[in-house]
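In the numbering used here, the protein residues as written are 1 to 368. For every residue, glycine included, the Cβ atom is placed at its ideal position computed from N, Cα and C.
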Amino acid sequence: MSDDIRHPTRLPCGADDSIFKLGSLPIVSIDILLRWKMKVQKMTPAVLLVLMAGFGAASAALAADVAVLRAQATAVFGPLPEAMPGAAGDTSERRALGERLYFDPILSLDRSQSCNTCHRLDAGRGGVDNEATSLGVKGERGGRNAPTVLNAGFQIAQFWDGRAANLTEQAKGPVLNPVEMAMPDEAAVLARLAADAEYPAAFSAAFPNDDAALSYHNMAEAIAAFERTLRSDDRFDDFLGGDDTALTSAELQGLETFINTGCTACHNGPLFGGNSYQKLGLVEPYTASTDPGREALTGNPADRGFFKVPMLRNVALTAPYFHDGKVATLEEAITLMARHQLGRELAQDEIASIAAFLRSLSDTKRGL
Ligand code: HEC
Ligand code: HEC
């Protein structure tokens, strides 16, 4: 979005060694036990009777392994916190104003685009437009893929390169960005809102202590208040909460594969990312993109190709992938990640397994 938002954030924190170690803890027995359970299900009742005692013991062992996996997943990821940073001060008036602004094309030059045009929350969409790069009001496309607004406020910073410190600073960008909503300046935005029949009163109600309640900053603050309500619920958190039936055995295996492959070196914490900057092409150079990433922000050549590690909650809803949107499918993204970030070629069943798990991270209220 707006190149004029340049909020230097902290430099990349490198991959944490301790997480690498956690990521390679072997949990092989669950795999063996699940396969054994499948074989048992195909046996005749007589054979089953004979095996009953043994099967009972195996189920107990399986439950114990699920408990180990849950403990490990809790340590590496953990459930999404209930509230986003800053949400405590949000009033219902402020959230309602923000929601209205979010969906209102009044914020774009020809009144054709709202935030929801590129970050769709209607029709079960995952907070994105599912385009490689987004079309602005003037028919031009920016160079980057629109990330999801779901859970965005939990991240360390906003944008692929982290150039906005928080949701409020971020929301000031797209309205004035010439390849997005393309309003000429803040004054033009405020003039439009002031001429509206309802906005002036809504701003006063949302910001009762401000003399000039209708301001560009407060517009962004209200939108941020609405975005702080965009927290997703998924079956992975149900699993962490103790529900053994929340994830299928295929998804549990995928979780194990994700951890054992080492994806957790970067995709960790409750968002499975969103908490550090890392180099795309860390092990195997990634030559398909010339985007300088954080170098454009810090001016430091050592930051070339560094991007914020994207969150993987809701990732199944947000294709296409990578900062340039050039990667069409989840399976392709997983293959490229293993190759370029870890120097590994995954087998087809490993890729499918990780993809199955990542699909469990979708908001249960959404889906195309
Ligand atoms: C024309 C499409 C378009 C419109 C309209 C648009 N955005 Fe975006 N949005 C993008 C793109 C593309 C990016 C990524 C740009 C980058 O990182 O350089 C982005 C990034 C974001 C992010 C950062 C998410 C993250 O994980 O870093 C948030 C939050 C966001 N937009 C919210 C909004 C809000 C709020 C509005 C309305 C005021 C809005 N956007 C309007 C396309 C759009
Ligand atoms: C060394 C850090 C690192 C490791 C290890 C890593 N990733 Fe990533 N991942 C990233 C970064 C950085 C990006 C953003 C790439 C870009 O800018 O286009 C990313 C992007 C992704 C995306 C695309 C998300 C989107 O919204 O576009 C997926 C899916 C993904 N990673 C899954 C995985 C999986 C699965 C593994 C393990 C096989 C893995 N990653 C290992 C750092 C890492």
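Pairwise C-alpha distance: Glu284 and Glu221: As a position in the sequence shown, residue 221 is number 221, starting the count at 1. As a position in the sequence shown, residue 284 is number 284, starting the count at 1. The alpha-carbon atoms of Glu221 and Glu284 are separated by roughly 41 Å.
Separation of Arg141 from Val175, as counted between CA atoms: Locating residue 175 in the sequence shown gives position 175, where the first residue counts as 1. Locating residue 141 in the sequence shown gives position 141, where the first residue counts as 1. Rounded to whole angstroms, Val175 to Arg141 spans 15 Å at the Cα level.
Cβ-based neighbour list, Ser134, same chain, cut-off 7 Å, excluding 5 preceding and 5 following: To locate residue 134, count along the sequence shown from 1; it is residue 134. Cys118, Arg141, Gly142 and Ala146.
Gly143 beta carbon near ligand 4 (any heavy atom closer than 7 Å): What this structure holds is ligand 1 and ligand 2, not ligand 4.
Minimum C-alpha distance to Ser362 - residue among Ser108, Leu150, Ser114 and Ala83: What you label residue 362 is simply residue 362 of the sequence shown in a count that begins at 1. Among Ser108, Leu150, Ser114 and Ala83, the Cα nearest to that of Ser362 belongs to Leu150.
Endpoints, the alpha helix (DSSP H) within which Gln253 is located: Numbered from its first residue, the sequence shown carries residue 253 at position 253. Looking at the DSSP string, the run of the alpha helix (DSSP H) that includes Gln253 is Ser249 to Thr261.
Beta-bridge partners of Gly293, as assigned by DSSP: Counted from its first residue, the sequence shown places residue 293 at position 293. According to DSSP, which records beta bridges pairwise, Gly293 is partnered with Arg304 and Phe306.
Distance cut-off 7 Å: Cys266 Cβ against heavy atoms of ligand 1: As a first step, residue 266 is located in the sequence shown; it is residue number 266 there, counting from the start. No, the Cβ of Cys266 stays beyond 7 Å of every heavy atom of ligand 1.
Contact test: Gln278 Cβ vs ligand 1 heavy atom, cutoff 7 Å: Position 278 of the sequence shown, counting from 1, holds the residue named residue 278. Checking the Cβ of Gln278 against ligand 1 gives no.
Contacts around Phe207, its chain only, beta-carbon distance under 6 Å, and the 5 residues preceding and following it disregarded: Counting from 1 along the sequence shown, the entry for residue 207 is found at position 207. The residues are Ala213 and Asn218.
Reduced DSSP category for Tyr286 - H, G, I as helix; E, B as strand; rest coil: Against the sequence shown, residue 286 aligns to sequence position 286. Correct three-state label for Tyr286: coil.
Ala225 vs Gly98 beta-carbon contact at 8 Å: As a working mapping, residue 225 is identified with position 225 in the sequence shown. As a working mapping, residue 98 is identified with position 98 in the sequence shown. Against a cut-off of 8 Å, the Cβ pair of Gly98 and Ala225 comes out as a contact.
The beta strand (DSSP E) enclosing Lys279, as first and last residue numbers: As a position in the sequence shown, residue 279 is number 279, starting the count at 1. Tyr277 to Lys279 is the span of the beta strand (DSSP E), which, as asked, contains Lys279.
Counted within 10 angstroms of its Cβ, other Cβ atoms place Ala123 as buried (16 or more) or exposed: Within the sequence shown, residue 123 is the residue found at index 123, counting from 1. Burial call: exposed.
Span separating the alpha-carbon of Arg294 from that of Val128: Taking the sequence shown and counting its residues from 1, one reaches residue 294 at position 294. Taking the sequence shown and counting its residues from 1, one reaches residue 128 at position 128. Each residue's alpha carbon lies about 22 Å from the other.
Proximity test, Tyr321 beta-carbon vs ligand 2 heavy atom, cut-off 7 Å: Against the sequence shown, residue 321 aligns to sequence position 321. The answer is yes for Tyr321.
Val315 beta carbon near ligand 2 (any heavy atom closer than 7 Å): By 1-based counting over the sequence shown, the position of residue 315 is 315. Yes, since a heavy atom of ligand 2 falls inside the 7 Å radius drawn around the Cβ of Val315.
Environment of Arg111 [buried if 16+ CB atoms lie within 10 Å]: Taking the sequence shown and counting its residues from 1, one reaches residue 111 at position 111. Arg111 is exposed by the Cβ-count criterion.
Sufficient close CB pairs (3 or more, under 8 Å) joining the stretch 61-81 to the stretch 171-186: no
Burial state of Glu453 (16 or more Cβ within 10 Å): Because the chain here runs from 1 to 368, residue 453 falls outside it and cannot be looked at.
Collapsed DSSP secondary structure at Arg344 in the structure displayed: Position 344 of the sequence shown, counted from the first residue, corresponds to residue 344. DSSP places Arg344 in coil when its eight states are reduced to three.
Inter-residue Cα distance where the pair is Ala83 and Arg313: Counting from one through the sequence shown, the residue named residue 83 turns up at place 83. Counting from one through the sequence shown, the residue named residue 313 turns up at place 313. Taken atom to atom, the span from the alpha-carbon of Ala83 to that of Arg313 is near 16 Å.
Chain-order list of residues whose beta-carbon lies under 8 Å from that of Leu25 (same chain, five-residue window excluded): Taking the sequence shown and counting its residues from 1, the one referred to as residue 25 is at position 25. Any answer about Leu25 is weak, because its pLDDT of 36 lies below 50 and its placement is not dependable; what the coordinates show is given next. Within the same chain, Leu25 has close Cβ partners Gln72, Ile259 and Asn260.
Distance cut-off 7 Å: Pro310 Cβ against heavy atoms of ligand 2: Here residue 310 refers to the residue found at position 310 when the sequence shown is read from its first residue. Yes, since a heavy atom of ligand 2 falls inside the 7 Å radius drawn around the Cβ of Pro310.
Which listed residue (Ser360, Ala338 and Leu342) has its alpha carbon closest to that of Ile351: The sequence position of residue 351 within the sequence shown is 351, counting from 1. Among Ser360, Ala338 and Leu342, the Cα nearest to that of Ile351 is on Ala338.
Leu107 Cβ short of 7 Å to ligand 1 heavy atom set: Against the sequence shown, residue 107 aligns to sequence position 107. Yes; taking the cut-off as 7 Å, the Cβ of Leu107 has a heavy atom of ligand 1 nearer than that.
Pick from Arg366, Gln348 and Gln341 that is closest to Cys266, judged by C-alpha positions: Indexing the sequence shown from 1 puts residue 266 at position 266. The candidate whose alpha carbon is nearest that of Cys266 is Gln341.
Same chain, Cβ closer than 7 Å to Pro301, neighbours up to 5 away in sequence not counted: For this step, residue 301 is matched to residue 301 along the sequence shown. Excluding positions up to five away in sequence, the list reads Glu295.
Residue from Gly367, Ala333 and Pro270 with nearest C-alpha to Pro79: Counted from its first residue, the sequence shown places residue 79 at position 79. It is Pro270 whose Cα lies nearest to the Cα of Pro79.
Helix, strand or coil at Ala164 according to DSSP, with G and I counted as helix: Start at 1 with the first residue of the sequence shown, and residue 164 comes out as number 164. Note: Ala164 maps to strand in three-state DSSP.
Rounded straight-line distance, which links the Cα of Ala96 to that of Asp349: What you label residue 349 is simply residue 349 of the sequence shown in a count that begins at 1. What you label residue 96 is simply residue 96 of the sequence shown in a count that begins at 1. Straight-line Cα distance between these residues: approximately 46 Å.
beta-carbon Thr290 near ligand 2 non-hydrogen atom, thresh 7 Å: What you label residue 290 is simply residue 290 of the sequence shown in a count that begins at 1. False, no ligand heavy atom lies under 7 Å from that Cβ.
Nearest residue (CA-CA) to Tyr199, options Ser215, Asp185 and Asp211: Taking the first residue of the sequence shown as 1, we reach residue 199 at position 199. With distances taken between Cα atoms, Tyr199 lies closest to Ser215.
Opening and closing residue of the alpha helix (DSSP H) in which Met311 lies: As a first step, residue 311 is located in the sequence shown; it is residue number 311 there, counting from the start. Taken as a continuous stretch (DSSP letters only), Met311 belongs to no alpha helix (DSSP H), as it is neither H nor E.
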